[in-house]
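*Asks:* My questions all concern the structure below.
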Amino acid sequence: MVNYLATSQEKQELLTQFQALDLNGDGRLSREELIIGYSKVMSYSDAEIEVDKLMKQIDQDGNGSIDYSEFVLATFNKVKLIEDKRLEQAFKLFDKDGSGTISIDEIKQIFGQNSQVSEKVWKDLIQEVDQNGDGQIEFKEFKEIIVKAIQNTNETDDIKK
């Protein structure tokens, strides 16, 4: 979702930061790479402590490294993500036909028409978000689900601390 809500400049800055830390270029930040990065602005022992805390909070899949999506979620300012202007821009990206609502077909276009996802899964997704039962997602419904998802991410972050 950050991909739809962040500006090109913000995404480029995050990518640049990630690549600067990813010393071996494997697309993952290891504990060692993070310690090297952090030790540029603090002592090595303080860097180890900070990185260990960070790994507990950010390493969502528990594989001992931080991939780019985990990095972006942890780094990007979540308050900025839910500004109305950004949400409206994201909504317009999903609303391909400009109707003011998002249909199942538009969601399929975004997430891949040829995926192995069954029609029932798509319909269940719409039903979960569609509060008025019209089979479409309106901006208000879209905004509520995004805010809820970001709040859930914040709660998960708080639990891990």
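Heads up: the sequence shown at position 137 corresponds to 139 in the working numbering, and the numbers run straight through without jumps.
Backbone N, C-alpha and C fix where the C-beta goes; we use that ideal spot for every residue, glycine too.
Tell me which residues share the same chain as Ser32 and place their Cβ nearer than 7 Å to its Cβ, disregarding the 5 neighbours each side in the sequence.
*Replies:* Here the question's residue 32 lines up with position 30 in the sequence shown. The residues are Ser67.
*Asks:* Quick check on the DSSP output: the alpha helix (DSSP H) that includes Leu31 runs from which residue to which?
*Replies:* Position 29 of the sequence shown, counting from 1, holds the residue named residue 31. Premise fails: Leu31 lies in the beta strand (DSSP E), 30–32, not in any alpha helix (DSSP H).
*Asks:* Please name the residue in Leu89, Arg88, Gln62 whose C-alpha comes closest to that of Ala76.
*Replies:* Numbered from 1 along the sequence shown, position 74 holds the residue referred to as residue 76. Closest option to Ala76, Cα to Cα, is Gln62.
*Asks:* DSSP has Glu140 in a bridge; who is on the other side?
*Replies:* Taking the sequence shown and counting its residues from 1, the one referred to as residue 140 is at position 138. According to DSSP, which records beta bridges pairwise, Glu140 is partnered with Thr103.
*Asks:* Please state the DSSP three-state secondary structure of Ser10.
*Replies:* Position 8 of the sequence shown, counting from 1, holds the residue named residue 10. In the structure shown, the three-state DSSP call for Ser10 is helix.
*Asks:* In whole angstroms, what separates the C-alpha of Asp132 from that of Tyr70?
*Replies:* One-based indexing of the sequence shown puts residue 132 at position 130. One-based indexing of the sequence shown puts residue 70 at position 68. Roughly 31 Å separates the two Cα atoms.
*Asks:* What number of angstroms, rounded off, separates the C-alpha of Val149 from the C-alpha of Lys87?
*Replies:* Position 147 of the sequence shown, counted from the first residue, corresponds to residue 149. Position 85 of the sequence shown, counted from the first residue, corresponds to residue 87. Rounded to whole angstroms, Val149 to Lys87 spans 14 Å at the Cα level.
*Asks:* Please name the residue in Glu146, Leu127, Gln14 whose C-alpha comes closest to that of Glu90.
*Replies:* The residue labelled residue 90 in the question sits at position 88 within the sequence shown. When each option's Cα is compared against that of Glu90, the closest is Glu146.
*Asks:* DSSP three-state label for Ser67, please.
*Replies:* In the sequence shown, the residue the question calls residue 67 occupies position 65. Ser67: strand per DSSP, three-state reduction.
*Asks:* By the DSSP assignment, the alpha helix (DSSP H) with Ser47 in it spans what residues?
*Replies:* Working through the sequence shown from its first residue, we reach residue 47 at position 45. 46–60 is the extent of the alpha helix (DSSP H) around Ser47.
*Asks:* Between the Cα of Leu25 and those of Glu35, Leu17, Glu130, spot the shortest distance and give me the residue it belongs to.
*Replies:* Position 23 of the sequence shown holds residue 25. Of Glu35, Leu17, Glu130, the residue nearest in Cα terms is Glu35.
*Asks:* When you compare only the Cα positions, how much space is there between Glu52 and Phe113?
*Replies:* Counted from its first residue, the sequence shown places residue 52 at position 50. Counted from its first residue, the sequence shown places residue 113 at position 111. Taking the straight line from one Cα to the other gives about 36 Å.
*Asks:* Starting from Glu85, follow the alpha helix (DSSP H) in both directions and report where the run begins and ends.
*Replies:* For the purposes of this step, residue 85 is identified with residue 83 of the sequence shown, where counting begins at 1. First-last for Glu85: undefined, no H or E at that position.
*Asks:* If contacts are defined as beta-carbon pairs under 8 Å, then Phe144 and Ile106 qualify, I think. What distance do you get, rounded to the angstrom?
*Replies:* Sequence index remark: in the sequence shown, residue 144 carries index 142 (1-based). Sequence index remark: in the sequence shown, residue 106 carries index 104 (1-based). Not confirmed; about 14 Å, so no contact.
*Asks:* Are Leu85 and Lys98 closer than 8 Å when you measure CB to CB?
*Replies:* Here residue 85 refers to the residue found at position 83 when the sequence shown is read from its first residue. Here residue 98 refers to the residue found at position 96 when the sequence shown is read from its first residue. The sequence shown places Glu at residue 85, not Leu. Cβ atoms of Glu85 and Lys98: not closer than 8 Å.
*Asks:* Compute the Euclidean distance between the alpha carbons of Gln129 and Lys58, then round it to the nearest angstrom.
*Replies:* Numbered from its first residue, the sequence shown carries residue 129 at position 127. Numbered from its first residue, the sequence shown carries residue 58 at position 56. The alpha-carbon atoms of Gln129 and Lys58 are separated by roughly 34 Å.
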